[in-house]
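First the structure, in the form of structure tokens, and then the observations on it.
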Amino acid sequence: MLDPYILQQLAIGLSLGMIYALMAIGFTLIFGVLNVVNFAHGEIYTIGAFAGLMVISVFGPPLLVVLFIALATGALAGFGLERLAFRPFRRFSDEASLKSRAMREATLMSSLAMSIIAREAMEMIFGSQFQSVDLAYLINKPIGIGPITIVNGDLIIFGITVVMLGGLQWLLKKSPVGLSIRAVSNNALGAKYCGINTDRTIIITFVIGSAMGALAGILVGLYYGAIFPSMGFTPGIKAFVAMVMGGLSSIPGAVISAIILGLSESLSTSFMSSVWSDMVAYAFLLLTLIFFPQGLFGARRERV
Amino acid sequence: MSNILEIKKLSLKIGIQDILHDISVTVPQQGIVSVLGANGVGKTSLMRCISGIYHPTGGQILLEGEDISKLKSHQIVDRGIMQAPEGRQIFSNMSVLENLIIGGGPLGRQELDHVLALFPRLEERLKQQAGSMSGGEQQMLCIGRALMRKPKVLLLDEPSLGLAPRLVGFICDLVSKIRSEGYAVLLVEQNVKAALRISDMAAVIEHGKIVIEGDAKALSNDPRVAEAYLGGHVHESA
Numbered sequence: 001m002l003d004p005y006i007l008q009q010l011a012i013g014l015s016l017g018m019i020y021a022l023m024a025i026g027f028t029l030i031f032g033v034l035n036v037v038n039f040a041h042g043e044i045y046t047i048g049a050f051a052g053l054m055v056i057s058v059f060g061p062p063l064l065v066v067l068f069i070a071l072a073t074g075a076l077a078g079f080g081l082e083r084l085a086f087r088p089f090r091r092f093s094d095e096a097s098l099k100s101r102a103m104r105e106a107t108l109m110s111s112l113a114m115s116i117i118a119r120e121a122m123e124m125i126f127g128s129q130f131q132s133v134d135l136a137y138l139i140n141k142p143i144g145i146g147p148i149t150i151v152n153g154d155l156i157i158f159g160i161t162v163v164m165l166g167g168l169q170w171l172l173k174k175s176p177v178g179l180s181i182r183a184v185s186n187n188a189l190g191a192k193y194c195g196i197n198t199d200r201t202i203i204i205t206f207v208i209g210s211a212m213g214a215l216a217g218i219l220v221g222l223y224y225g226a227i228f229p230s231m232g233f234t235p236g237i238k239a240f241v242a243m244v245m246g247g248l249s250s251i252p253g254a255v256i257s258a259i260i261l262g263l264s265e266s267l268s269t270s271f272m273s274s275v276w277s278d279m280v281a282y283a284f285l286l287l288t289l290i291f292f293p294q295g296l297f298g299a300r301r302e303r304v
Numbered sequence: 001m002s003n004i005l006e007i008k009k010l011s012l013k014i015g016i017q018d019i020l021h022d023i024s025v026t027v028p029q030q031g032i033v034s035v036l037g038a039n040g041v042g043k044t045s046l047m048r049c050i051s052g053i054y055h056p057t058g059g060q061i062l063l064e065g066e067d068i069s070k071l072k073s074h075q076i077v078d079r080g081i082m083q084a085p086e087g088r089q090i091f092s093n094m095s096v097l098e099n100l101i102i103g104g105g106p107l108g109r110q111e112l113d114h115v116l117a118l119f120p121r122l123e124e125r126l127k128q129q130a131g132s133m134s135g136g137e138q139q140m141l142c143i144g145r146a147l148m149r150k151p152k153v154l155l156l157d158e159p160s161l162g163l164a165p166r167l168v169g170f171i172c173d174l175v176s177k178i179r180s181e182g183y184a185v186l187l188v189e190q191n192v193k194a195a196l197r198i199s200d201m202a203a204v205i206e207h208g209k210i211v212i213e214g215d216a217k218a219l220s221n222d223p224r225v226a227e228a229y230l231g232g233h234v235h236e237s238a
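These protein sequence lines map, in sequence, to chains R and A. Reminder that position 57 of the first sequence reads as 57 in the UniProt record's numbering, one-by-one numbering, no gaps. Reminder that position 53 of the second sequence reads as 53 in the UniProt record's numbering, one-by-one numbering, no gaps.
In structure tokens, the structure reads:
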């Protein structure tokens, strides 16, 4: 029989991993279609949390509506982000620019710039302190299961993530939109020859990925009861690590890596002080890059 | 006979390089027109202009009288031009079936049975990852994918490239068969002999310009073509 403390940590780690997975999917989808890392993904998460917070403090609607608004705001933010930071660099579509590293790095910088602007703007508007959430909305009501106690947030996060992952998998495998996304990630030129509107597909990818990121943000905000402008930074890095571990463009790889990451972080608190638990992600990143440069799931890699 | 596709005085510059210069080619409602020439003379660039991957710097591309030279690639596909491009550009880590369905676009699976009848080999491999097939099978997939959309004009860019001689024969027979079903085909080939055998009309490009054009039969008897491309004489560009 496992020690109850370990079981408890496993439950917490699973929630954490699910949150990282939601974030990592957005990263991975966008990397798949554009081959560029979207550095503003962490801010999308924060925007989702603040959107939820504002709706709660102004209207106080049911929880599902709050989540939906966060999702929609994330989608909108993703659309705007693509327009401002990514689209302008795709005008240069001749072969030399497509192969140029400088062009890719410029896009990377523009997304980083957008993330700094968004974070500073939120600090100006809301201040850099923690914003507390109306207690009625917090998802931390304890539930006892045998020897361990989880909170209802663990179940909510688990349920929502499973639904989102299932929905995404269905979308990518069965729907025309999903086929287009996979086609563009696999071979963007081939997709053009097949009549796929690649610009529109890229926007849709941003919308889907950002909606999931924003949902992760509001869920975490309600789980811990604290929302602040720089809250997206750490989960952004963790999701990035999960993406790299998963082989950069494999969604199943990223999800599994995210869960491994969440579980290891939460278990690590049994061996070291919890302030050090962030180290786990960075150690994983280093080990992956040194020993598995293709990612843990790189061998049988399917992009998106 | 009315022409479905007319390319008029097309030119293309990339940077300071003149890639294509005053190219004019017409494709009739039904038939195979081939554009021939050695490596690097601009054949693929011409095909990319038609599909909207490159935008020509001068001239017009008329599809049923409408200028499509400024449209985007997906708009051109919607108007009825599909290409089996150079390098095949298949979706290598998706299944054969998914490749075909993507090719069909809004038509979905409607044409699937027809395409599979042309390529029984693909039917055996529908679930297989496209990238794991042989070069010949990938070429079949590439042409089949283009046919899924029932195009008005089918563009074929070097379908024989990298194939074993036996397969080149198969692809040629297939293109003839597609023609007999009423398709208009614009074929670009380095394999001049094979292309002339199945074409109705042909044009030869050198350095971005059309140097010889006419009836395919007449061209295969033309001493200039024979010497430069059919091995009539020992010549370095053979």
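No residue lacks a Cβ here, since even glycine has one placed at the ideal position from N, Cα and C.
Report the residue from the options whose alpha carbon sits nearest the alpha carbon of residue i.
{"i": "GLU31/A", "options": "ILE171/A, PHE91/A, VAL168/A, LEU154/A", "result": "First, the amino acid is wrong: residue 31/A is Gly here, not Glu. GLY31/A has its Cα closest to that of LEU154/A, out of ILE171/A, PHE91/A, VAL168/A, LEU154/A."}
{"i": "ILE19/A", "options": "LYS43/A, ILE7/A, LYS8/A, GLY162/A", "result": "LYS43/A"}
{"i": "ALA136/R", "options": "LEU53/R, PHE39/R, VAL36/R", "result": "LEU53/R"}
{"i": "GLU98/A", "options": "THR201/R, LYS174/R, LEU296/R, THR269/R", "result": "LYS174/R"}
{"i": "VAL55/R", "options": "PHE89/R, ILE116/R, PHE240/R, THR73/R", "result": "THR73/R"}
{"i": "SER249/R", "options": "ALA24/R, THR28/R, ILE12/R, GLY13/R", "result": "THR28/R"}
{"i": "ALA242/R", "options": "LEU285/R, GLY225/R, SER277/R", "result": "LEU285/R"}
{"i": "PRO159/A", "options": "GLY144/A, GLN139/A, GLY169/A", "result": "GLN139/A"}
{"i": "ALA113/R", "options": "GLY213/R, PRO61/R, PHE39/R", "result": "PHE39/R"}
{"i": "VAL25/A", "options": "GLY104/A, PRO223/A, ASP215/A", "result": "ASP215/A"}
{"i": "VAL255/R", "options": "PRO4/R, PHE59/R, LEU22/R, ARG91/R", "result": "LEU22/R"}
{"i": "LYS72/A", "options": "VAL33/R, PHE79/R, ASP199/R, ILE150/R", "result": "ASP199/R"}
{"i": "GLU123/R", "options": "GLY146/R, ILE218/R, THR46/R, SER273/R", "result": "THR46/R"}
{"i": "ASN3/A", "options": "GLN29/A, ARG125/A, GLY182/A, ASP200/A", "result": "GLN29/A"}
{"i": "GLY32/R", "options": "ILE196/R, VAL177/R, VAL184/R", "result": "VAL184/R"}
{"i": "LEU10/A", "options": "GLY182/A, GLU181/A, SER95/A, SER69/A", "result": "SER69/A"}
{"i": "LEU263/R", "options": "ARG83/R, TYR224/R, ALA281/R", "result": "ALA281/R"}
{"i": "PHE240/R", "options": "ALA214/R, SER257/R, ILE203/R, GLY166/R", "result": "SER257/R"}
{"i": "ASP203/R", "options": "LEU81/R, ILE44/R, THR269/R, LEU289/R", "result": "Per the sequence shown, the amino acid found at residue 203/R is Ile instead of Asp. Selected option, being the one with the closest Cα: LEU81/R."}
{"i": "GLU124/A", "options": "VAL96/A, MET82/A, ASP222/A, ARG145/A", "result": "VAL96/A"}
{"i": "ILE16/A", "options": "THR57/A, ASP113/A, MET47/A", "result": "THR57/A"}
Does the CB of residue i have a neighbour CB from chain R at under 7 Å?
{"i": "HIS74/A", "result": "yes"}
{"i": "GLN17/A", "result": "no"}
{"i": "ASN93/A", "result": "yes"}
{"i": "PRO56/A", "result": "no"}
{"i": "PRO165/A", "result": "no"}
{"i": "GLY208/A", "result": "no"}
{"i": "ILE198/A", "result": "no"}
{"i": "GLN83/A", "result": "yes"}
{"i": "GLN89/A", "result": "yes"}
{"i": "LYS212/A", "result": "One point to set straight first is that residue 212/A is Ile, not Lys, in the sequence displayed. ILE212/A does not count as touching chain R."}
{"i": "VAL77/A", "result": "yes"}
{"i": "GLN205/A", "result": "Contrary to the premise, residue 205/A reads as Ile rather than Gln in this sequence. No, its Cβ sits nowhere closer than 7 Å to a Cβ of chain R."}
{"i": "ILE50/A", "result": "no"}
{"i": "ILE102/A", "result": "yes"}
{"i": "GLY169/A", "result": "no"}
{"i": "GLY31/A", "result": "no"}
Our contact map puts residue i next to residue j with C-beta atoms below 8 Å; I'd like the distance itself, whole angstroms only.
{"i": "ILE102/A", "j": "CYS194/R", "result": "5 Å"}
{"i": "ILE148/R", "j": "LEU16/R", "result": "Actually they are not in contact, since the Cβ atoms of ILE148/R and LEU16/R sit about 16 Å apart, beyond 8 Å."}
{"i": "LYS192/R", "j": "ILE53/A", "result": "6 Å"}
{"i": "VAL77/A", "j": "VAL188/A", "result": "Incorrect: roughly 18 Å between the Cβ atoms, too far for contact."}
{"i": "VAL41/A", "j": "ILE205/A", "result": "5 Å"}
{"i": "ILE23/A", "j": "ILE212/A", "result": "Going by Cβ atoms, the distance from ILE23/A to ILE212/A rounds to 13 Å, so no, they are not a contact pair."}
{"i": "GLY42/R", "j": "PHE233/R", "result": "5 Å"}
{"i": "residue 242/A", "j": "ILE90/A", "result": "In the structure as shown, chain A starts at 1 and stops at 238, and residue 242/A therefore has no counterpart that could be examined."}
Would you say residue i faces chain A, with C-beta separation under 7 Å as the test?
{"i": "VAL174/R", "result": "For the record, residue 174/R in the displayed sequence is Lys; it is not Val. Chain A, which has no Cβ nearer than 7 Å to the Cβ of LYS174/R, makes this no."}
{"i": "GLY247/R", "result": "no"}
{"i": "LEU189/R", "result": "yes"}
{"i": "LEU179/R", "result": "yes"}
{"i": "ALA85/R", "result": "no"}
{"i": "ASN197/R", "result": "yes"}
{"i": "ALA183/R", "result": "yes"}
{"i": "LYS141/R", "result": "no"}
{"i": "ASN35/R", "result": "no"}
{"i": "TYR45/R", "result": "no"}
{"i": "LYS192/R", "result": "yes"}
{"i": "ASN186/R", "result": "yes"}
{"i": "GLU302/R", "result": "Residue confidence is low: GLU302/R scores 46 on pLDDT, short of 50, so the model does not pin down where it sits. No coordinate-derived value is stated."}
| query | Which ranges does the alpha helix (DSSP H) cover as unbroken runs of at least 4 residues, wholly within the region 237-275 of chain R, from first to last along the chain? | reply | Entirely contained in the region 237-275 of chain R, the alpha helix (DSSP H) runs reaching 4 residues are, in chain order, 251-268.
| Quick one: complete alpha helix (DSSP H) runs, 4+ long, within the region 14-61 of chain R? | Whole alpha helix (DSSP H) segments, 4+ residues: 41-58.
| message | For the pair the region 161-169 of chain A and the region 123-140 of chain A, tell me if three or more CB-CB distances fall below 8 Å. | response | Result yes; three or more Cβ-Cβ pairs closer than 8 Å.
| field | Stretch-stretch touch, CB-based, cutoff 8 Å, three pairs: the region 197-216 of chain R with the region 99-110 of chain R | value | Touching, no.
| said: Give the list of continuous alpha helix (DSSP H) stretches no shorter than 4 residues that lie fully inside the region 49-101 of chain A. | reply: For the region 49-101 of chain A, whole alpha helix (DSSP H) runs of length 4 or above, ordered along the chain, are 73-79.
| request: Return the chain-ordered ranges of every beta strand (DSSP E) run that is complete within the region 121-184 of chain A and spans a minimum of 3 residues. | output: Correct list: 153-157.
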